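In what follows, a single structure is set out as C-alpha coordinates and then discussed.
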Amino acid sequence: MTDKDAPTQAVNQPAISSDSQQTSLLGSMSHAWRALRHRNFKLFFFGQSISLIGTWMTRLATTWLVYRLTHSALLLGIVTFAGQIVSFAVGPVAGVWVERLNRRKLLVWTQAAAAVQSLAMAALTLAHVVNLWEIIVLATLQGLINAFDMPARQSFLVQMVEDRNDLSNAIAINSSMVNGARLVGPAMAGLLIGAFGEGWCFLVDGVSYFAVIASLLMMRIKPVQIHRPTSSVREQIREGWDYVRTFRPIRTILLLFRFSA
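Next up, the structure:
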(Lines of atoms letter the chains of each structure in order from A and count residues from 1; the text may use other names and numbers.)
(Lines give C-alpha, C1' and ligand atoms only; values in the text may rest on other atoms or scores of the structure.)
Protein backbone atom coordinates (compact mmCIF):
# COMPACT_ATOMS: atom_id res chain seq x y z
CA MET A 1 0.00 0.00 0.00
CA THR A 2 1.42 3.39 -0.97
CA ASP A 3 1.17 6.61 0.97
CA LYS A 4 -1.24 7.88 -1.68
CA ASP A 5 -3.77 5.12 -0.89
CA ALA A 6 -3.61 5.59 2.90
CA PRO A 7 -5.76 8.77 3.13
CA THR A 8 -8.40 7.17 0.93
CA GLN A 9 -8.66 4.18 3.27
CA ALA A 10 -8.82 6.46 6.31
CA VAL A 11 -11.69 8.42 4.76
CA ASN A 12 -13.69 5.35 3.75
CA GLN A 13 -13.37 3.52 7.07
CA PRO A 14 -15.83 5.70 9.08
CA ALA A 15 -18.44 5.29 6.35
CA ILE A 16 -18.21 1.51 6.63
CA SER A 17 -18.45 1.72 10.40
CA SER A 18 -21.52 3.99 10.14
CA ASP A 19 -23.24 1.56 7.76
CA SER A 20 -22.53 -1.30 10.14
CA GLN A 21 -24.01 0.61 13.07
CA GLN A 22 -27.11 1.49 11.07
CA THR A 23 -27.58 -2.12 10.00
CA SER A 24 -27.17 -3.25 13.61
CA LEU A 25 -29.76 -0.68 14.77
CA LEU A 26 -32.27 -1.77 12.13
CA GLY A 27 -31.67 -5.39 13.07
CA SER A 28 -32.33 -4.62 16.74
CA MET A 29 -35.56 -2.79 15.91
CA SER A 30 -36.68 -5.66 13.70
CA HIS A 31 -35.93 -8.13 16.50
CA ALA A 32 -37.94 -6.05 18.98
CA TRP A 33 -41.04 -6.32 16.76
CA ARG A 34 -40.48 -9.87 15.56
CA ALA A 35 -43.88 -11.12 16.78
CA LEU A 36 -45.52 -8.98 14.10
CA ARG A 37 -44.15 -11.41 11.51
CA HIS A 38 -47.11 -13.60 12.39
CA ARG A 39 -50.11 -12.62 10.29
CA ASN A 40 -52.68 -13.34 13.00
CA PHE A 41 -50.90 -11.30 15.63
CA LYS A 42 -50.38 -8.45 13.18
CA LEU A 43 -54.13 -8.32 12.52
CA PHE A 44 -54.80 -8.41 16.25
CA PHE A 45 -52.26 -5.65 16.89
CA PHE A 46 -53.81 -3.15 14.49
CA GLY A 47 -57.40 -3.98 15.37
CA GLN A 48 -56.83 -3.97 19.12
CA SER A 49 -54.81 -0.74 18.98
CA ILE A 50 -57.81 1.08 17.51
CA SER A 51 -60.21 -0.47 19.99
CA LEU A 52 -58.07 0.27 23.05
CA ILE A 53 -57.87 3.94 22.15
CA GLY A 54 -61.67 3.98 22.01
CA THR A 55 -61.85 2.17 25.36
CA TRP A 56 -59.74 4.80 27.11
CA MET A 57 -61.79 7.53 25.46
CA THR A 58 -64.91 5.98 26.98
CA ARG A 59 -63.33 5.73 30.44
CA LEU A 60 -62.51 9.43 30.52
CA ALA A 61 -65.83 10.41 28.95
CA THR A 62 -67.78 8.34 31.50
CA THR A 63 -66.10 9.95 34.50
CA TRP A 64 -66.55 13.42 33.00
CA LEU A 65 -70.22 12.75 32.20
CA VAL A 66 -71.00 11.43 35.70
CA TYR A 67 -69.34 14.38 37.40
CA ARG A 68 -71.02 16.86 35.07
CA LEU A 69 -74.44 15.35 35.83
CA THR A 70 -74.03 14.90 39.59
CA HIS A 71 -71.09 17.06 40.76
CA SER A 72 -70.54 14.31 43.33
CA ALA A 73 -67.22 12.56 43.90
CA LEU A 74 -69.07 9.83 45.81
CA LEU A 75 -71.35 8.97 42.88
CA LEU A 76 -68.35 9.05 40.56
CA GLY A 77 -66.69 6.45 42.77
CA ILE A 78 -69.87 4.33 42.81
CA VAL A 79 -70.00 4.21 39.00
CA THR A 80 -66.34 3.16 38.82
CA PHE A 81 -66.86 0.60 41.59
CA ALA A 82 -69.89 -0.90 39.80
CA GLY A 83 -67.77 -1.88 36.82
CA GLN A 84 -64.71 -3.02 38.78
CA ILE A 85 -66.45 -5.17 41.37
CA VAL A 86 -68.22 -7.27 38.74
CA SER A 87 -64.96 -8.05 36.95
CA PHE A 88 -63.34 -8.90 40.29
CA ALA A 89 -66.16 -11.18 41.44
CA VAL A 90 -66.87 -12.96 38.15
CA GLY A 91 -63.25 -13.08 36.95
CA PRO A 92 -62.22 -16.40 38.58
CA VAL A 93 -65.31 -18.21 37.25
CA ALA A 94 -64.93 -16.60 33.83
CA GLY A 95 -61.28 -17.67 33.66
CA VAL A 96 -62.27 -21.28 34.24
CA TRP A 97 -65.01 -21.17 31.61
CA VAL A 98 -62.69 -19.61 29.02
CA GLU A 99 -60.62 -22.80 29.08
CA ARG A 100 -63.71 -24.75 27.98
CA LEU A 101 -64.67 -22.49 25.04
CA ASN A 102 -63.37 -21.48 21.62
CA ARG A 103 -61.34 -18.32 22.31
CA ARG A 104 -61.86 -16.64 18.96
CA LYS A 105 -65.64 -17.12 18.98
CA LEU A 106 -65.79 -15.92 22.57
CA LEU A 107 -63.79 -12.79 21.73
CA VAL A 108 -66.06 -12.01 18.78
CA TRP A 109 -69.08 -12.19 21.08
CA THR A 110 -67.49 -10.12 23.87
CA GLN A 111 -66.38 -7.45 21.40
CA ALA A 112 -69.85 -7.35 19.84
CA ALA A 113 -71.44 -7.01 23.29
CA ALA A 114 -69.01 -4.23 24.22
CA ALA A 115 -69.87 -2.43 20.97
CA VAL A 116 -73.58 -2.60 21.82
CA GLN A 117 -72.86 -1.25 25.31
CA SER A 118 -70.86 1.72 23.99
CA LEU A 119 -73.37 2.50 21.24
CA ALA A 120 -76.17 2.44 23.82
CA MET A 121 -74.23 4.95 25.91
CA ALA A 122 -73.69 7.07 22.82
CA ALA A 123 -77.39 7.03 21.88
CA LEU A 124 -78.54 7.98 25.40
CA THR A 125 -75.93 10.71 25.77
CA LEU A 126 -76.41 12.26 22.33
CA ALA A 127 -80.18 12.27 22.88
CA HIS A 128 -79.60 14.07 26.23
CA VAL A 129 -81.74 11.55 28.13
CA VAL A 130 -79.02 9.66 29.98
CA ASN A 131 -79.26 9.43 33.77
CA LEU A 132 -77.08 8.08 36.56
CA TRP A 133 -78.83 4.71 36.93
CA GLU A 134 -78.48 3.94 33.24
CA ILE A 135 -74.76 4.73 33.45
CA ILE A 136 -74.38 2.39 36.46
CA VAL A 137 -76.23 -0.43 34.69
CA LEU A 138 -74.15 -0.06 31.53
CA ALA A 139 -70.92 0.19 33.55
CA THR A 140 -71.87 -3.04 35.34
CA LEU A 141 -72.55 -4.69 31.99
CA GLN A 142 -69.13 -3.59 30.73
CA GLY A 143 -67.52 -5.07 33.84
CA LEU A 144 -69.24 -8.39 33.16
CA ILE A 145 -68.04 -8.36 29.55
CA ASN A 146 -64.47 -7.56 30.64
CA ALA A 147 -64.50 -10.50 33.07
CA PHE A 148 -64.73 -12.89 30.09
CA ASP A 149 -62.87 -10.77 27.53
CA MET A 150 -59.59 -10.27 29.39
CA PRO A 151 -58.68 -13.93 30.11
CA ALA A 152 -59.85 -14.95 26.63
CA ARG A 153 -57.72 -12.27 24.97
CA GLN A 154 -54.61 -13.09 26.98
CA SER A 155 -54.86 -16.85 26.44
CA PHE A 156 -55.59 -16.33 22.73
CA LEU A 157 -52.06 -14.94 22.25
CA VAL A 158 -50.76 -18.51 22.31
CA GLN A 159 -52.88 -19.38 19.27
CA MET A 160 -51.99 -16.21 17.35
CA VAL A 161 -48.22 -16.67 17.71
CA GLU A 162 -47.28 -20.10 16.42
CA ASP A 163 -43.56 -19.81 17.23
CA ARG A 164 -43.21 -20.12 21.01
CA ASN A 165 -39.89 -18.23 20.84
CA ASP A 166 -41.83 -15.12 19.80
CA LEU A 167 -44.50 -15.44 22.49
CA SER A 168 -42.66 -13.35 25.08
CA ASN A 169 -42.16 -10.64 22.46
CA ALA A 170 -45.88 -10.72 21.63
CA ILE A 171 -46.71 -10.23 25.32
CA ALA A 172 -44.33 -7.28 25.50
CA ILE A 173 -45.83 -5.70 22.37
CA ASN A 174 -49.31 -6.23 23.77
CA SER A 175 -48.33 -4.41 26.99
CA SER A 176 -46.80 -1.56 24.99
CA MET A 177 -50.00 -1.33 22.96
CA VAL A 178 -52.11 -1.01 26.11
CA ASN A 179 -49.87 1.67 27.61
CA GLY A 180 -49.72 3.57 24.32
CA ALA A 181 -53.51 3.62 24.10
CA ARG A 182 -53.62 4.83 27.71
CA LEU A 183 -51.73 7.95 26.58
CA VAL A 184 -53.46 8.58 23.26
CA GLY A 185 -57.07 7.73 24.22
CA PRO A 186 -57.61 10.27 27.04
CA ALA A 187 -55.88 13.01 25.02
CA MET A 188 -58.22 12.42 22.07
CA ALA A 189 -61.20 12.20 24.43
CA GLY A 190 -60.36 15.57 25.96
CA LEU A 191 -60.31 17.21 22.55
CA LEU A 192 -63.53 15.50 21.48
CA ILE A 193 -65.38 16.33 24.69
CA GLY A 194 -64.33 19.96 24.47
CA ALA A 195 -65.50 20.22 20.87
CA PHE A 196 -68.60 18.01 20.68
CA GLY A 197 -69.37 16.39 24.05
CA GLU A 198 -69.09 12.99 25.71
CA GLY A 199 -71.53 11.19 23.41
CA TRP A 200 -69.13 11.29 20.48
CA CYS A 201 -66.46 9.52 22.55
CA PHE A 202 -68.89 6.67 23.20
CA LEU A 203 -69.79 6.58 19.51
CA VAL A 204 -66.15 6.38 18.42
CA ASP A 205 -65.54 3.62 20.97
CA GLY A 206 -68.56 1.63 19.76
CA VAL A 207 -67.41 1.82 16.15
CA SER A 208 -63.80 0.94 17.08
CA TYR A 209 -64.86 -2.53 18.28
CA PHE A 210 -65.67 -3.48 14.69
CA ALA A 211 -61.94 -3.21 13.90
CA VAL A 212 -61.23 -5.99 16.42
CA ILE A 213 -64.12 -8.12 15.20
CA ALA A 214 -62.90 -7.77 11.61
CA SER A 215 -59.34 -8.71 12.59
CA LEU A 216 -60.57 -11.79 14.47
CA LEU A 217 -62.67 -12.98 11.54
CA MET A 218 -59.76 -12.50 9.12
CA MET A 219 -57.38 -14.68 11.15
CA ARG A 220 -56.36 -18.16 10.04
CA ILE A 221 -56.32 -20.06 13.29
CA LYS A 222 -55.39 -23.71 13.44
CA PRO A 223 -58.13 -25.71 15.16
CA VAL A 224 -57.25 -26.47 18.75
CA GLN A 225 -58.69 -29.40 20.60
CA ILE A 226 -60.56 -28.13 23.64
CA HIS A 227 -59.98 -30.36 26.63
CA ARG A 228 -63.08 -30.87 28.73
CA PRO A 229 -61.86 -31.09 32.33
CA THR A 230 -63.41 -33.73 34.53
CA SER A 231 -63.21 -31.56 37.64
CA SER A 232 -65.91 -29.05 38.49
CA VAL A 233 -65.62 -25.27 38.20
CA ARG A 234 -65.34 -24.98 41.98
CA GLU A 235 -62.48 -27.49 42.11
CA GLN A 236 -60.59 -25.70 39.36
CA ILE A 237 -60.98 -22.35 41.11
CA ARG A 238 -59.65 -23.90 44.32
CA GLU A 239 -56.68 -25.35 42.42
CA GLY A 240 -55.96 -21.91 41.03
CA TRP A 241 -56.02 -20.26 44.45
CA ASP A 242 -53.83 -23.02 45.88
CA TYR A 243 -51.30 -22.45 43.10
CA VAL A 244 -51.24 -18.70 43.75
CA ARG A 245 -50.94 -19.24 47.50
CA THR A 246 -48.05 -21.73 47.28
CA PHE A 247 -46.09 -20.30 44.30
CA ARG A 248 -44.17 -17.36 45.72
CA PRO A 249 -43.37 -15.37 42.50
CA ILE A 250 -47.06 -15.19 41.49
CA ARG A 251 -48.13 -14.41 45.05
CA THR A 252 -45.57 -11.57 45.25
CA ILE A 253 -46.71 -10.04 41.96
CA LEU A 254 -50.37 -10.11 42.99
CA LEU A 255 -49.58 -8.56 46.36
CA LEU A 256 -47.57 -5.86 44.61
CA PHE A 257 -50.56 -5.05 42.40
CA ARG A 258 -52.82 -5.07 45.44
CA PHE A 259 -50.84 -2.47 47.40
CA SER A 260 -50.01 -0.32 44.35
CA ALA A 261 -53.66 -0.04 43.27
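So the sequence shown is numbered by my numbering: it starts at 988 and just counts up by one.
We put the beta carbon where it would ideally sit given N, CA and C, even for glycine.
Owing to the predicted nature of the structure, the values given are computational and were not obtained by experimental measurement.
Quiz prompt | Span of the alpha helix (DSSP H) around Ser1074 | solution = 1060–1085
What does the Cβ neighbour count give for Arg1140, buried or exposed, with the cut at 16 atoms within 10 Å? buried
*Cβ separation of Ile1037 and Ala1099, assumed to be a contact under 8 Å, to the nearest whole Å*: 16 Å between Cβ atoms; not a contact.
Just mark Pro1138 as buried or exposed, buried being the case when its beta carbon has 16 or more other beta carbons within 10 Å. buried
Original post:
Are Leu1106 and Gly1193 closer than 8 Å when you measure CB to CB?
Top reply: yes
(message) So, at 7 Å on beta carbons, what are the nonlocal neighbours of Ala1048 in its own chain, with the 5 sequence-adjacent residues on each side left out?
(response) Ala1176, Ile1180, Glu1185, Cys1188, Phe1189
CB contact below 8 Å: Ala1134 versus chain D: Of the protein chains in the structure, only one exists, and it is not chain D.
In its own chain, which residues sit with a C-beta less than 7 Å from the C-beta of Leu1111, not counting the 5 before and 5 after it?
-> Val1117, Glu1121
Nearest to Val1077 by alpha carbon, out of Lys1029, Trp1096, Gly1034, Gln1129? Gln1129
For Ser1195, does the count of other Cβ atoms within 10 angstroms reach 16, so buried, or fall short, so exposed?
buried
Self-check item: Contact under 8 Å by Cβ, Ile1072 with Ala1101
Solution: no
message = Quick check: Thr1050 and Leu1063, are their CB atoms within less than 8 Å of each other?
response = yes
Report task. Using beta-carbon positions only, say whether Ala1126 and Val1066 come within less than 8 Å of one another. Result -> yes
- Task: Using 10 angstroms around the beta-carbon of Ser1059, count the other beta-carbons present and answer buried if the total reaches 16, otherwise exposed.
- Result: exposed
message: Please list the terminal residues of the continuous alpha helix (DSSP H) segment that includes Lys1092.
response: 1090–1113
TODO: Select from Arg1232, Ile1040, Asp1229, Ala1182 the residue whose C-alpha is nearest the C-alpha of Gly1167.
DONE: Ile1040
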